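One structure is given here, and the rest of the page talks about it.
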Amino acid sequence: MILYTLQDNGYIDFSEKIKMYPTEKFNMYVNITNRCNCNCTFCLRHLKEDHKLWLKDGEPSVEEIKQAFLNAPMDNVKEIVICGFGEPTIRLDDLIKVLKFIREKYPQMKVRMNTNGLSDLEFGKSTAPMFEGLLNTISISLNESTAQKYLDVTRSRFGIKSYNAMLEFASQCKKYIPNVVVTIVDIIGEAEIAACKKVCEQYGLNLRIRKYEKN
């Protein structure tokens, strides 16, 4: 599925959901890749062998993604969320093209991206400026309070430097994106949550504590 939303603790094609609830509005999630530069211990890939979000026919082209939007019931969209099964910034150039299309076609739509925040390491350059004017919100996975704990959980292919790179990316995003949020899950324990809050205070970042869901 390229465009999907939530249904009964699972996922459903966005258009199929609207057929069931034609007068309601829902978040529309955008799935553009299976690839990721992390191998997180909590990832859905390790919890389910056959997942609905897996792009079995490979990555959709930019034109296929645009067409999916044009075919979708956009009047029923509350917020567009660039998310999916892989890390969206892996396809950075294509991602920017899609975001520009959304901004041009649906200028009033709220757009959020969920990311691991490692695009600077992936591409060897500062990537935050590329999102100026394209996102209302960026949500970055903080996960843990130290570089080693972060690496133990995310198993990032970039190693121990990943944590500081993610925090620097988050800090840079504040210059270009109105709402920058970093996230952790509620199961990491009170002491670790408190430590993460201190990290956010140090970097001037807004923290959101998410409920952990296995689906």
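Numbering-wise, UniProt numbering puts 151 at position 151 of the sequence shown, and it's gapless, one number per residue.
No residue lacks a Cβ here, since even glycine has one placed at the ideal position from N, Cα and C.
Keep in mind the model is a prediction, meaning the values are calculated, not measured.
Check, Outcome
"Which residues bound the alpha helix (DSSP H) around I102?", "92–105"
"Nearest to N116 by CA position, among N179, I184, L53, is which residue?", "I184"
"CB-CB under 8 Å to G159, same chain, minus the five flanking residues each way: which ones, in chain order?", "L151"
"Tell me which residues share the same chain as S15 and place their Cβ nearer than 7 Å to its Cβ, disregarding the 5 neighbours each side in the sequence.", "A72, P73"
"In three-state terms, what does DSSP make of N206?", "strand"
"Threshold first: 4 residues or longer. Then list the alpha helix (DSSP H) segments lying entirely within the region 12–66, N to C.", "14–20"
"Is the Cβ-Cβ distance between I80 and M28 less than 8 Å?", "yes"
"Run through DSSP, which three-state label would E79 get?", "strand"
"Taking the runs of the alpha helix (DSSP H) that are 4 residues or longer, which of them lie wholly in the region 162–187?", "162–173"
"Grab me the residues of V181's own chain with a C-beta within less than 6 Å of its C-beta, minus the 5 sequence neighbours each way, in chain order.", "S139, N206, R208"
"Counting along the chain, where does the alpha helix (DSSP H) carrying S119 start and finish?", "119–123"
"When the Cα of I82 is compared with those of I2, I177, I188, which residue comes out closest?", "I2"
"If you count every other CB in all the chains shown that lies within 10 Å of the CB of L142, and 16 or more means buried, which is it?", "buried"
"DSSP has M113 in a bridge; who is on the other side?", "I82, I138"
"Which of the three DSSP states is assigned to T5 in this structure?", "strand"
"How big is the Cα-Cα spacing for residue 216 and K25?", "The structure shown does not extend to residue 216, since the chain is modelled only from 1 to 215, so the question has no answer here."
"Spatial neighbours of N114 within its chain, please: C-beta separation below 6 Å, excluding the five flanking residues on both sides.", "C83, S139"
"Look up G10 in the DSSP assignment and say whether it is helix, strand or coil.", "strand"
"If you draw a straight line from the C-alpha of G10 to the C-alpha of Y21, how long is it?", "16 Å"
"If you run the structure through DSSP and keep just helix, strand and coil, what is G159?", "helix"
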